[in-house]
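Residue numbers (our numbering): 228 to 489.
Glycine included, each C-beta is placed from N, C-alpha and C at the ideal position.
Heads up, the thing below is written out as structure tokens.
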Amino acid sequence: MKVIHLSDLHLGRSNNIKKIARIREWIISHREQHGAEVIVISGDITNDGAKRQFLKARAVIEDLREAGFRVLVVPGNHDYGPLGITESRRSAKHFRRYLAQGENYPRLEIIDHTAFVLLNSMQGEFRSVEMIGAEGQLGRVQLEELEGILESLHDDPKVDRVVVILHHHPFDYKKFHVLRDARRFLKVLSGGDRDRFWTGVVLFGHKHIDHRFNDPGQSREAQYDLDLIYAAGSAVEQDPEGKFVIPVIDLNDLVIERFRFH
Ligand SMILES: [Fe+2]
Numbered sequence: 228m229k230v231i232h233l234s235d236l237h238l239g240r241s242n243n244i245k246k247i248a249r250i251r252e253w254i255i256s257h258r259e260q261h262g263a264e265v266i267v268i269s270g271d272i273t274n275d276g277a278k279r280q281f282l283k284a285r286a287v288i289e290d291l292r293e294a295g296f297r298v299l300v301v302p303g304n305h306d307y308g309p310l311g312i313t314e315s316r317r318s319a320k321h322f323r324r325y326l327a328q329g330e331n332y333p334r335l336e337i338i339d340h341t342a343f344v345l346l347n348s349m350q351g352e353f354r355s356v357e358m359i360g361a362e363g364q365l366g367r368v369q370l371e372e373l374e375g376i377l378e379s380l381h382d383d384p385k386v387d388r389v390v391v392i393l394h395h396h397p398f399d400y401k402k403f404h405v406l407r408d409a410r411r412f413l414k415v416l417s418g419g420d421r422d423r424f425w426t427g428v429v430l431f432g433h434k435h436i437d438h439r440f441n442d443p444g445q446s447r448e449a450q451y452d453l454d455l456i457y458a459a460g461s462a463v464e465q466d467p468e469g470k471f472v473i474p475v476i477d478l479n480d481l482v483i484e485r486f487r488f489h
């Protein structure tokens, strides 16, 4: 199975709405070339969590769904309020209504033997003491639910891959740039001494840096017993030649192919 990973669209900033229209057109018209049927959007879909931005985002997602793609979304800090550093309950409600189709997180979607587990790394932010911050926090309740989901998938013969999706970085090299409860999250993912039979993949965004965490000598993938850890860059930021760079992840052979186009 192949997955297109989009992140950090920041609709409402600059001409990003125009850019996502081009990306949508490319995805629909190049189906044969990229071969993906699932599209993951790992947060910061809007720039300020404003209703008009969510309506634009929803229209793009609906177009992709109508074209036959499965589109999976999680929220980022910018979806929860202006500038991505304030948390507004109104923006959270907008996200839930317009992009999450009224559903709560964590969410489990099983598509062709692959279990996609969608997380809300802004959920714990509302429960933390300060109301300003962009580091992200899953929160105890969500982590417990995640643990329950992973337990239920553990011996499920219909599932041979688990893909966990969130906005914030749970595996970072720098302090203060990492999900607040990253350690607990990683503990839940590793499942203690439980044997796991599926391929483990973690996808996120937030920093606008395209990076697979498999550097020789300090591979986070090997360290955490995961098979693929990937931070997508911002899909609307173009390369030095002015081309969009869209990553397509092959979940069978764990290779990421980047497609470039104007
Ligand atoms: Fe972000």
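CA nearest to the CA of residue i, picked from the options
{"i": "residue 331", "options": "265, 314, 340, 365", "result": "365"}
{"i": "residue 500", "options": "299, 261, 308, 447", "result": "Past the boundaries of the shown model lies residue 500; the chain is included only from 228 to 489, so the question cannot be answered."}
{"i": "residue 409", "options": "481, 367, 231, 345", "result": "367"}
{"i": "residue 456", "options": "437, 444, 468", "result": "437"}
{"i": "residue 411", "options": "403, 254, 370, 445", "result": "370"}
{"i": "residue 468", "options": "316, 242, 269, 488", "result": "488"}
{"i": "residue 399", "options": "415, 425, 440", "result": "440"}
{"i": "residue 278", "options": "245, 269, 372, 316", "result": "316"}
{"i": "residue 363", "options": "305, 325, 415, 324", "result": "305"}
{"i": "residue 384", "options": "325, 250, 337, 444", "result": "337"}
{"i": "residue 276", "options": "324, 479, 247, 256", "result": "324"}
{"i": "residue 245", "options": "280, 256, 333", "result": "280"}
{"i": "residue 243", "options": "340, 229, 273", "result": "273"}
{"i": "residue 339", "options": "479, 484, 446", "result": "479"}
Cβ of residue i within 8 angstroms of any chain C Cβ
{"i": "residue 483", "result": "Of the protein chains in this structure there is only one, and it is not chain C."}
Cβ-Cβ distance between residue i and residue j below 8 angstroms
{"i": "residue 472", "j": "residue 429", "result": "no"}
{"i": "residue 329", "j": "residue 361", "result": "no"}
{"i": "residue 386", "j": "residue 449", "result": "no"}
{"i": "residue 309", "j": "residue 322", "result": "no"}
{"i": "residue 396", "j": "residue 433", "result": "yes"}
{"i": "residue 292", "j": "residue 265", "result": "no"}
{"i": "residue 427", "j": "residue 453", "result": "yes"}
{"i": "residue 314", "j": "residue 352", "result": "yes"}
{"i": "residue 234", "j": "residue 290", "result": "no"}
{"i": "residue 481", "j": "residue 451", "result": "no"}
{"i": "residue 404", "j": "residue 348", "result": "no"}
{"i": "residue 475", "j": "residue 263", "result": "yes"}
{"i": "residue 254", "j": "residue 268", "result": "no"}
{"i": "residue 546", "j": "residue 486", "result": "Examination of residue 546 is not possible in this model, given that the chain is present from 228 through 489 alone."}
{"i": "residue 229", "j": "residue 477", "result": "yes"}
{"i": "residue 344", "j": "residue 415", "result": "no"}
DSSP bridge partner residues for residue i (one or two, in chain order)
{"i": "residue 379", "result": "None, per the DSSP bridge assignment."}
{"i": "residue 474", "result": "485"}
{"i": "residue 431", "result": "458"}
{"i": "residue 336", "result": "343"}
{"i": "residue 310", "result": "Paired residue(s): none; residue 310 is not in a bridge."}
{"i": "residue 439", "result": "457"}
{"i": "residue 524", "result": "This structure cannot settle anything about residue 524, because the visible part of the chain is limited to 228 through 489."}
{"i": "residue 297", "result": "265"}
{"i": "residue 232", "result": "267"}
{"i": "residue 238", "result": "273"}
{"i": "residue 388", "result": "341, 426"}
Distance cut-off 7 angstroms: residue i Cβ against heavy atoms of ligand 2
{"i": "residue 340", "result": "Although ligand 2 was asked about, the structure shown includes only ligand 1 as ligands."}
> Can at least three beta-carbon pairs, one atom from the region 229–248 and one from the region 455–469, be found at a separation below 8 angstroms?
Replying inline: yes
> Is there contact here, the region 280–300 with the region 367–377, by at least three beta-carbon pairs under 8 angstroms?
Replying inline: no
>> Just to be sure I understand the criterion: a residue counts if its Cβ is closer than 5 angstroms to at least one heavy atom of ligand 1. Which residues meet that?
In response: 271, 303, 304, 433
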